[in-house]
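Here is the structure we will look at.
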Amino acid sequence: MQIRLKSIIAILIGTIIMGFGITQFNIPNSLAEGGVTGISIIIKILAPQFDQGLIYFILNVPLFVIGWKVLSRTAFAYTIIGTVSLSLSLSLFDSILNPSVMTDRLLATLFAGVTVGAGLGIIFRYGGTTGGVDIIARLFQMKYGISIGRTLFMGDLVVIGASLVYLSVESAMYTLVAVFIAARVIDFFQDGAYAAKALTIISEHAQDVADELLKLGRGVTLLTGKGAYSGVEKQVLYCVVGRNEVMRYKQIVQEVDPHAFVVVNDVHEVLGEGFTLDENKKPLHD
């Protein structure tokens with residue numbers, strides 16, 4: 002994999018969003034985070050005179066050694082870019098913006114989770130990390146297939162538990178809410194870029210249904226099935242459509258065969274023609 006300008010820009014955008022969330026929502030409301038980010042926040046809360054970005058960068062230096070060994074050269078380059086960019090974003094927002102005036106701590110917690118999760122989700126989506134536990138999370142995803150959000154959440158629990166020495170129980174509880182939201186948002190960005198719906202259709206008029214669905218522009222696959230009770234072989238249609246297209250497709254099926262059996266399932270990610278590739282197998286999004 003080669004370093005791409007698009008990925009670098011996305012990583013920079015992600016770190017800016019994340020840096021803004023930490024400086025505007027986490028620190029002013031004494032909300033910790035997990036991993037190295039959480040440690041740097043605790044240090045900042047206890048010693049406000051220190052630069053947040055510098056703290057974060059220094060804590061990450063030892064982990065670059067692990068990253069060099071476990072990540073590809075491209076991934077490692079993205080990690081350096083992400084870590085340096087986040088450090089600069091933290092320093093910049095810490096110096097030019099006043100702390101958040103948001104007095105509702107629950108809202109601050111929600112926004113902290115969304116901004117940090119969205120920032121990290123964008124970064125991970127384009128192959129980057131921001132150092133720290135992110136490196137370990139990406140390693141676990143590559144080696145064991147464990148979602149990045151889940152690994153980060155478990156790592157966050159350890160750091161947040163240790164932070165109880167410095168934070169109140171109430172702050173730790175709010176932090177857990179923010180971390181949980183962030184983990185869910187991260188997984189959404191990882192799995193939901195091309196989310197869709199899958200229709201499984203069992204009909205006595207399968208070919209007629211397929212002909213009508215094909216007119217709508219999506220592909221349809223005919224599978225062979227057999228009723229367990231009747232022993233009768235039937236054709237099963239499988240079709241993946243955009244979420245906004247589901248009602249239209251269901252209506253067409255009902256018009257052709259009112260007795261058709263239709264199952265609609267969530268599809269977390271779709272790769273291929275109609276979603277990420279055009280009819281000539283060219284990428285729709287460069």
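Each position in the sequence shown, counted from 1, maps to that position plus 1 in my numbering. We treat Cβ as the ideally placed atom computed from N, Cα and C, and that holds for glycine.
Local conformation of residue i per DSSP, three classes
i, result
"residue 4", "coil"
"residue 51", "coil"
"residue 239", "strand"
"residue 233", "coil"
"residue 264", "strand"
"residue 224", "strand"
"residue 184", "helix"
"residue 138", "helix"
"residue 29", "helix"
"residue 250", "helix"
"residue 219", "coil"
"residue 89", "helix"
"residue 127", "coil"
"residue 95", "helix"
"residue 20", "helix"
"residue 72", "coil"
"residue 318", "Residue coverage of the chain in this structure runs from 2 to 287, which leaves residue 318 outside it and unanswerable."
"residue 104", "coil"
"residue 256", "helix"
"residue 133", "coil"
"residue 35", "coil"
Residues near residue i by beta carbon distance below 7 Å, same chain, minus five either side
i, result
"residue 124", "12, 15, 16, 83, 130 and 131"
"residue 182", "111, 114, 115 and 118"
"residue 264", "201"
"residue 215", "221"
"residue 45", "28, 51, 53 and 56"
"residue 81", "none"
Residues near residue i in its chain [Cβ-Cβ closer than 6 Å; skip 5 each side]
i, result
"residue 119", "18 and 186"
"residue 255", "none"
"residue 211", "221 and 238"
"residue 103", "109"
From the options, residue whose alpha carbon lies closest to that of residue i
i, options, result
"residue 33", "61, 199, 63 and 109", "109"
"residue 260", "240, 27 and 204", "204"
"residue 174", "189, 70, 188 and 158", "158"
"residue 224", "30, 207, 217 and 231", "207"
"residue 21", "188, 50 and 87", "87"
"residue 96", "154, 81, 233 and 49", "49"
"residue 66", "136, 104, 107 and 4", "136"
"residue 47", "146, 70 and 166", "166"
"residue 188", "71, 126 and 4", "126"
"residue 266", "184, 213, 258 and 199", "199"
"residue 43", "172, 184 and 217", "172"
"residue 5", "89, 235, 79 and 106", "79"
"residue 253", "163, 213 and 73", "213"
Close beta carbons around residue i, own chain, < 8 Å, minus the five adjacent residues each side
i, result
"residue 92", "52, 53, 54 and 55"
"residue 219", "240, 241, 242, 246, 250 and 275"
"residue 37", "57, 60, 61, 64, 132, 133 and 134"
"residue 287", "In this predicted model, residue 287 has a pLDDT of only 45, less than 50, meaning its place in the structure is not dependable; the value taken from the coordinates is given anyway. 7."
"residue 262", "202, 203 and 204"
"residue 35", "134, 153, 154, 156, 157, 158, 159, 160, 161 and 180"
CB-CB length for residue i against residue j, believed under 8 Å
i, j, result
"residue 168", "residue 31", "6 Å"
"residue 156", "residue 76", "At roughly 19 Å, the Cβ-Cβ gap does not stay under 8 Å, so residue 156 and residue 76 are not in contact."
"residue 39", "residue 161", "7 Å"
"residue 1", "residue 26", "Outside the shown range of the chain (2 to 287) lies residue 1, about which nothing can therefore be said."
"residue 257", "residue 209", "5 Å"
"residue 98", "residue 24", "7 Å"
Proximity test, Cβ basis, 8 Å: residue i and chain D
i, result
"residue 171", "Here there is only one protein chain, and chain D is not present."
* Can you check the region 187 to 217 for any beta strand (DSSP E) of at least 3 residues that lies completely inside it and give the ranges in chain order? => 197 to 203
* Contained alpha helix (DSSP H) runs [length at least 4] in the region 142 to 176, N- to C-terminal order -> 149 to 164
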